[in-house]
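S.K.:
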Amino acid sequence: MSPGIIVLVSAVALGVVLSVLKSRFDGRFRGTRAVRAAGAAGEKEAVDDATAAAGRISAADLGTGLGERATMLQFSSAFCAPCRATRRTLVEVEAMVPGVKHIELDAESHLELVRRLDIMRTPTVLVLDATGAIVTRASGQPRKADVIAALGTAVDATSPAER
């Protein structure tokens, strides 16, 4: 075999592996560090007040109120095709689930919040509980079933006193 063939086969194999990894993780919700640590300890509340404050988003940060039970916060950009599809999905879920609010923010217009929340790409969807604590997040276009499951986690994460 010539070195050119070996390089070509290696490049194709690498491309296939990266494509499979991207499709596996793109748009999937994953928990935040604070939620994973609290879940591992068997608790439903934040690890500590400092960690909770760092992962909490207020109505002042968004310029509008939070949802009564949960909030789906979407970071988008102007020329992002998956952002439009994600918006449609989240609006449908908002109509289906009472007490849930969808808020879409332009990432370019909210750079301070984007940096604080470590948003690396659009669309990114954060699911917040009723208090504004980040329960889970997804980078890429999420499926409707995954959004509904993430909302269930957000509603369950709110303690009974806060409901």
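Numbered by the numbering used here, the letters in the sequence shown go through residues 283 to 445 in order.
From the three backbone atoms N, C-alpha and C, an ideal C-beta is built for every residue, glycine too.
#1: When DSSP labels each residue in this structure, what does V379 get in the three-state scheme?
#2: Could you check what DSSP says for A295 in three-state terms: helix, strand or coil?
#3: When the Cα atoms are used, what is the spatial distance from V294 to M283?
#4: Relative to the C-alpha of V417, which residue among V302, V407, P380, L303 is closest?
#5: Residues in the same chain with beta-carbon distance under 7 Å from V373, minus the five sequence neighbours each way, listed in chain order, please.
#6: Does DSSP put A360 in a helix, a strand or coil?
#7: If we require 4 or more residues per run, which alpha helix (DSSP H) segments fall completely within the segment 376-434?
#8: Taking 8 Å as the limit between beta carbons, can you name the residues of its chain near H392, skipping five residues before and five after?
#9: What residues are listed by DSSP as bridge partners for R370?
#10: Just to confirm my understanding: we take S359, look at its own chain, exclude 5 residues before and 5 after, and list those with CB closer than 6 Å. What are they?
#11: Give me the Cα-Cα distance between L344 and P285, rounded to the nearest whole angstrom.
#12: With the cut-off set at 7 Å, would you say A415 and R338 are in Cβ contact?
#13: So, for R398: in the same chain, excluding its five sequence neighbours on each side, which residues have a beta-carbon less than 8 Å away from its beta-carbon?
#14: How should T346 be labelled, buried or exposed, when 16 other C-beta atoms within 10 angstroms of its C-beta is the threshold for buried?
#15: Using the C-alpha atoms, what's the distance from L296 back to V448?
#16: Just curious, the alpha helix (DSSP H) that T348 is in, first and last residue?
M.R.: Taking the definition as stated:
#1: In the sequence shown, counting from the first residue as 1, residue 379 sits at position 97. The answer is coil: DSSP assigns V379 none of H, G, I, E or B.
#2: Taking the sequence shown and counting its residues from 1, the one referred to as residue 295 is at position 13. In this structure, A295 counts as helix in the three-state DSSP scheme.
#3: Within the sequence shown, residue 294 is the residue found at index 12, counting from 1. Within the sequence shown, residue 283 is the residue found at index 1, counting from 1. Near 16 Å, if we compare the C-alpha coordinates of M283 and V294.
#4: By 1-based counting over the sequence shown, the position of residue 417 is 135. V417 has its Cα closest to that of V407, out of V302, V407, P380, L303.
#5: Stepping through the sequence shown from its first residue, residue 373 is reached at position 91. Excluding residues within five positions, the ones whose Cβ falls inside 7 Å are H384.
#6: Taking the sequence shown and counting its residues from 1, the one referred to as residue 360 is at position 78. Here A360 sits in coil by DSSP.
#7: 393-398
#8: As a working mapping, residue 392 is identified with position 110 in the sequence shown. F357, listed in sequence order.
#9: In the sequence shown, residue 370 corresponds to position 88, counting from 1. Answer is none; R370 lacks a bridge partner.
#10: As a working note, residue 359 is residue 77 in the sequence shown. So the qualifying residues of the chain are A389, T404.
#11: For the purposes of this step, residue 344 is taken as residue 62 along the sequence shown, with counting starting at 1. For the purposes of this step, residue 285 is taken as residue 3 along the sequence shown, with counting starting at 1. About 55 Å.
#12: Here residue 415 refers to the residue found at position 133 when the sequence shown is read from its first residue. Here residue 338 refers to the residue found at position 56 when the sequence shown is read from its first residue. Yes. Within cutoff.
#13: In the sequence shown, residue 398 corresponds to position 116, counting from 1. Closer than 8 Å at the Cβ level, and outside the excluded window around R398, lies no residue.
#14: Here residue 346 refers to the residue found at position 64 of the sequence shown. When all chains shown are included, T346 counts as exposed.
#15: There is simply no residue 448 to check, as the chain begins at 283 and stops at 445 in what is shown.
#16: For the purposes of this step, residue 348 is identified with residue 66 of the sequence shown, where counting begins at 1. Reading the sequence as shown, one finds Leu at residue 348 and not Thr. First-last for L348: undefined, no H or E at that position.
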